[in-house]
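First up is the structure itself, then whatever we jot down about it.
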Amino acid sequence: MAWLRRYLLCGLLAWMAAVGLAQAETARPEPSDRQVLVLLRLPADHNRPDATYGGGYGPGAAQAARRRIALRLAHAHGLTLSTSWPMPVVGLDCFVLSVPAGQSTEAVAAQLSQDRAVAWSEPMHVYRAEAHAQAPAPALTAGAPPNDPLYRAQPAAREWRLDTLHRYATGRNVRVAVVDSAVDIHHPDLAGQVLASQNFVEGRPDNPELHGTGVAGIIAAVADNRIGIVGVAPGARLLALRACWQQDAQATLCNTLSLARAVSFAIEHSAQVINLSLAGPPDLLLGRLIDVALARGIVVVGAVDPGLARGGFPASHPGVVAVASGSGGPSPGAFIAPGRDVPTTQPGGTWGLVSGSSYSAAHVSGLFALLREHDRRGGSPLTLVVARVGGGIDACASLLGAAGPCGGAQPVAYSAIPRP
Amino acid sequence: MLCGLAALGLAPPAQAQLSGSLALTSDYRLRGVSLTERRPALSLGAAYDHPSGAYAGGSVIVADTGGGDVKRLGDIEYIGIAKHHADGLSWDVGASNTNVKIQVNQRYPVRYNEVYAGVARNDLSLRVSYSPNYLHSGVDTLYADLSGVYRPAENWRLVAHVGLLKRLDGPTAEVPVRHRYDLMLAAVRGFDHGELRLAWIAAYATPHPHPSPGRGGIVVGASVFF
Numbered sequence: 490m491a492w493l494r495r496y497l498l499c500g501l502l503a504w505m506a507a508v509g510l511a512q513a514e515t516a517r518p519e520p521s522d523r524q525v526l527v528l529l530r531l532p533a534d535h536n537r538p539d540a541t542y543g544g545g546y547g548p549g550a551a552q553a554a555r556r557r558i559a560l561r562l563a564h565a566h567g568l569t570l571s572t573s574w575p576m577p578v579v580g581l582d583c584f585v586l587s588v589p590a591g592q593s594t595e596a597v598a599a600q601l602s603q604d605r606a607v608a609w610s611e612p613m614h615v616y617r618a619e620a621h622a623q624a625p626a627p628a629l630t631a632g633a634p635p636n637d638p639l640y641r642a643q644p645a646a647r648e649w650r651l652d653t654l655h656r657y658a659t660g661r662n663v664r665v666a667v668v669d670s671a672v673d674i675h676h677p678d679l680a681g682q683v684l685a686s687q688n689f690v691e692g693r694p695d696n697p698e699l700h701g702t703g704v705a706g707i708i709a710a711v712a713d714n715r716i717g718i719v720g721v722a723p724g725a726r727l728l729a730l731r732a733c734w735q736q737d738a739q740a741t742l743c744n745t746l747s748l749a750r751a752v753s754f755a756i757e758h759s760a761q762v763i764n765l766s767l768a769g770p771p772d773l774l775l776g777r778l779i780d781v782a783l784a785r786g787i788v789v790v791g792a793v794d795p796g797l798a799r800g801g802f803p804a805s806h807p808g809v810v811a812v813a814s815g816s817g818g819p820s821p822g823a824f825i826a827p828g829r830d831v832p833t834t835q836p837g838g839t840w841g842l843v844s845g846s847s848y849s850a851a852h853v854s855g856l857f858a859l860l861r862e863h864d865r866r867g868g869s870p871l872t873l874v875v876a877r878v879g880g881g882i883d884a885c886a887s888l889l890g891a892a893g894p895c896g897g898a899q900p901v902a903y904s905a906i907p908r909p
Numbered sequence: 021m022l023c024g025l026a027a028l029g030l031a032p033p034a035q036a037q038l039s040g041s042l043a044l045t046s047d048y049r050l051r052g053v054s055l056t057e058r059r060p061a062l063s064l065g066a067a068y069d070h071p072s073g074a075y076a077g078g079s080v081i082v083a084d085t086g087g088g089d090v091k092r093l094g095d096i097e098y099i100g101i102a103k104h105h106a107d108g109l110s111w112d113v114g115a116s117n118t119n120v121k122i123q124v125n126q127r128y129p130v131r132y133n134e135v136y137a138g139v140a141r142n143d144l145s146l147r148v149s150y151s152p153n154y155l156h157s158g159v160d161t162l163y164a165d166l167s168g169v170y171r172p173a174e175n176w177r178l179v180a181h182v183g184l185l186k187r188l189d190g191p192t193a194e195v196p197v198r199h200r201y202d203l204m205l206a207a208v209r210g211f212d213h214g215e216l217r218l219a220w221i222a223a224y225a226t227p228h229p230h231p232s233p234g235r236g237g238i239v240v241g242a243s244v245f246f
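Chains as they are written, first to last, in the working numbering: chain V, 490 to 909; chain R, 21 to 246.
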């Protein structure tokens with residue numbers, strides 16, 4: 490009997506290996522505009538007294554059950570399961586299904602949402618980074634401290650008096666998540682500033698890209714290193730989260746899934762500010778993630794696209810700090826920050842001039858890092874102060890209060906807009 | 021449970037999830053203690069998650085008892101409720117029933133009911149379980165365990181688990197052990213329909229118990245999910 494038992498055991502193990510360890514056929518990556526997301530409920534982590542030692546060590550069986558549901562839906566609707574990603578931050582498991590040509594993604598998502606097993610389904614949306622033309626940065630020499638040669642060309646040096654702000658706060662150890670294209674983490678003006686770098690874009694080479702590198706530099710470029718620029722918050726630490734890809738020199742795109750994965754990562758890794766220099770259509774999944782971030786006290790900054798309704802999403806989402814450059818037409822309800830001809834870091838250890846509300850948002854994310862550091866000392870609520878003259882943010886008054894040393898010789902009237 | 025629902029003709033409520041697993045392990049251990057004298061065991065499990073957060077599940081375990089037979093080792097069932105919070109914390113309360121046998125030269129019953137409560141955040145969880153009549157011996161016990169998961173790469177998990185069983189009250193004749201510690205370090209490779217595991221598991225007790233369940237050892241396992 491012993492030989493029979495051993496034989497049966499070996500046979501069972503071989504069968505389990507064949508069935509359980511086979512990887513499903515991986516579908517070829519599809520363009521984002523031919524995909525839908527199917528969101529299934531992800532139960533809260535709980536005790537499994539029978540599994541801790543003897544079984545699955547975790548929720549693997551439940552995960553496989555959700556995958557089975559996604560495969561059933563794909564089969565029933567003629568779709569292909571491309572990939573999946575659990576998002577415990579919002580209690581959802583996200584499956585990406587590719588839709589064949591000739592079918593509307595909106596119609597497919599509406600049909601999938603009717604299924605009893607589905608929390609909801611939505612088309613994969615595409616987002617565009619909010620930036621315009623680039624040019625090489627002007628050649629300047631180092632002056633008085635800060636000794637960064639491009640400092641005098643930075644609009645924030647004049648409009649926000651960065652050198653004054655940095656006497657009070659530099660954003661020391663505040664975590665700012667740059668959800669953007671790939672940051673050049675080896676740029677000499679970003680040396681030591683990137684705490685973590687993660688790529689959430691699949692199927693595209695992970696090389697340094699223009700938009701993300703520019704946004705990162707404005708937020709946290711090293712100060713007083715005799716090269717380049719001064720970041721608004723040179724003491725901040727960046728989470729460089731690649732959720733977007735550079736389509737060409739003028740276009741940087743992202744999609745719902747890459748953004749959702751990056752924002753989830755930012756929340757799970759205790760970001761205190763999340764910079765979203767991009768815009769597109771409203772999205773339920775991203776909206777849920779932003780709501781969780783706001784509930785945890787994370788400041789979410791979004792760039793306004795004046796060409797989209799209400800400035801586009803996520804700037805239009807309640808609680809998000811919407812930021813415009815002021816040069817693209819009126820942007821009701823948005824804060825105005827420097828965003829025109831801004832010198833900043835570029836891939837390959839260079840610097841260039843950039844424009845657009847993306848970079849205005851980066852300024853405000855940097856400013857919130859200063860406020861967050863200052864808040865640790867004083868405990869006051871985070872507030873942006875807007876000068877009535879010109880309508881732009883008064884960074885000094887935001888940091889130190891209107892009654893502080895910011896008023897200078899001429900008193901200026903302020904209106905305070907509390908953080909949502 | 022799955023069959024029961026089907027037999028009653030009840031469709032599961034919207035967004036409810038049912039899952040099953042078949043797990044083969046080279047040594048069935050409960051809280052670090054080998055129940056099979058390092059012989060293989062097979063467990064068949066089912067689990068149910070309701071959209072409200074309520075959950076239930078259970079497993080039946082069969083093992084090679086060493087006498088030329090494959091025998092039923094026992095079963096474990098549980099029921100509870102777990103909830104997410106917006107701040108990232110989730111909590112969990114429930115009750116379990118364990119009814120298995122430990123195979124050390126001969127078979128000893130291991131039976132107890134517990135109520136438990138736990139919290140989890142990201143991949144870290146802390147749980148406390150109370151048994152009012154551990155091993156049906158009139159002894160009260162408290163079991164506290166801390167588990168953490170680290171994901172070094174996609175489809176890979178490194179799991180660490182430490183537990184402490186403490187006798188609170190009751191006669192010492194039946195359960196002479198005052199404290200029992202259990203440790204587990206495991207590497208898990210997940211696949212679409214299953215996973216492979218390699219673990220080092222150990223248990224230590226004071227005073228040293230009789231019969232001795234053995235101490236540390238390497239355990240390998242494979243699971244199929246359905």
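The beta-carbon is built from N, C-alpha and C at its ideal position, and this holds for glycine as well.
{"Item": "Sub-8 Å separation of Val578(V) and Ile756(V) beta-carbons", "Value": "yes"}
{"Item": "Close-in-space but distant-in-sequence residues of the same chain around Ser747(V) (CB under 6 Å, 5 per side omitted)", "Value": "Phe689, Val690, Ala732"}
{"Item": "Selected residue, minimal CA-CA separation from Arg200(R), among Glu57(R), His156(R), Leu184(R)", "Value": "Leu184(R)"}
{"Item": "Cβ contact (3+ pairs, closer than 8 Å) linking the segment 150-158 of chain R and the segment 126-133 of chain R", "Value": "yes"}
{"Item": "Residue burial classification, Gln682(V) (beta-carbon count within 10 angstroms, cutoff 16)", "Value": "buried"}
{"Item": "Minimum Cβ-Cβ distance from Gly543(V) to chain R less than 8 Å", "Value": "Bear in mind that a pLDDT of 49 at Gly543(V), under 50, signals an unreliable position, so the model cannot answer this."}
{"Item": "Residues that Val578(V) contacts on chain R, provided the C-beta gap is smaller than 8 Å", "Value": "Gly108"}
{"Item": "Unbroken stretches of the beta strand (DSSP E), 3 residues or longer, contained in the segment 675-762 of chain V", "Value": "683-688, 726-731, 733-735, 741-744"}
{"Item": "Ala164(R) versus Val179(R), Leu203(R), Asn175(R), residue with shortest Cα-Cα distance", "Value": "Leu203(R)"}
{"Item": "Nearest candidate by alpha-carbon position, reference Val790(V), set Gly769(V), Val762(V), Val781(V)", "Value": "Val762(V)"}
{"Item": "6 Å CB neighbourhood of Leu144(R) in its chain, flanking five on each side removed", "Value": "Gly168"}
{"Item": "Simplified DSSP assignment, three categories, for Gly545(V)", "Value": "Summary for Gly545(V): the model assigns pLDDT 44, below 50, so the residue's position carries little reliability, and this model does not support an answer."}
{"Item": "Interfacial residues, the segment 68-101 of chain R to chain V, with Cβ spacing under 7 Å", "Value": "Asp69, Pro71, Gly73, Tyr75, Gly77, Gly78, Ser79, Ile81, Asp84, Gly88, Val90, Ile96, Tyr98, Gly100"}
{"Item": "Chain R within 8 Å of Asn636(V), Cβ atoms only", "Value": "no"}
{"Item": "Through-space distance from Ala563(V) to His852(V), alpha-carbon basis", "Value": "44 Å"}
{"Item": "Residues near Ile716(V) by beta carbon distance below 8 Å, same chain, minus five either side", "Value": "Asp637, Pro638, Pro677, Asp678"}
{"Item": "8 Å Cβ shell around Ala36(R) - same chain, five flanking residues per side excluded", "Value": "Tyr68, Asp69, His70, Pro71"}
{"Item": "For Pro803(V), the three-state DSSP class (helix, strand or coil)", "Value": "coil"}
{"Item": "Residues near Pro518(V) by beta carbon distance below 8 Å, same chain, minus five either side", "Value": "The predicted model places Pro518(V) with a pLDDT of 43, which falls under 50 and marks its position as unreliable; any figure quoted below should be read in that light. Ser571, Glu691, Gly692."}
{"Item": "Beta carbon of Val665(V) nearer than 8 Å to that of Ile708(V)", "Value": "yes"}
{"Item": "His213(R) versus Trp176(R) - alpha carbon distance", "Value": "14 Å"}
{"Item": "Short CB-CB distance (under 8 Å) between Gly158(R) and chain V", "Value": "no"}
{"Item": "DSSP three-state assignment for Gln600(V), whether helix, strand or coil", "Value": "helix"}
{"Item": "Cα-Cα separation between Ile96(R) and Ala554(V), rounded to whole angstroms", "Value": "21 Å"}
{"Item": "Contacts of Ala140(R) in chain V (Cβ-Cβ under 7 Å)", "Value": "Asp534"}
{"Item": "Start-to-end residues for the beta strand (DSSP E) that takes in Thr872(V)", "Value": "872-876"}
{"Item": "Whether Leu778(V) touches Leu728(V) by CB criterion (8 Å)", "Value": "no"}
{"Item": "At least 3 beta-carbon pairs within less than 8 Å: the segment 652-667 of chain V vs the segment 830-841 of chain V", "Value": "no"}
{"Item": "Below-8 Å beta-carbon distance, Thr161(R) vs any chain V residue", "Value": "no"}
{"Item": "Simplified DSSP assignment, three categories, for Val588(V)", "Value": "coil"}
{"Item": "Residues near Val527(V) by beta carbon distance below 7 Å, same chain, minus five either side", "Value": "Ala559, Leu562, Phe584, Leu586, Leu601, Val607, Ser610"}
{"Item": "Sheet register partners of Ile96(R) (DSSP bridge)", "Value": "Ser79(R), Thr118(R)"}
{"Item": "Buried or exposed (CB count within 10 angstroms, at least 16 for buried), Asn696(V)", "Value": "exposed"}
{"Item": "Beta-carbon proximity list for His863(V), same chain, < 7 Å, skipping 5 on both sides", "Value": "Tyr657, Ala658, Leu888"}
{"Item": "C-beta neighbour in chain R for Glu862(V), strict 8 Å", "Value": "no"}
{"Item": "Chain R contact for Gly692(V) (CB, 8 Å cutoff)", "Value": "no"}
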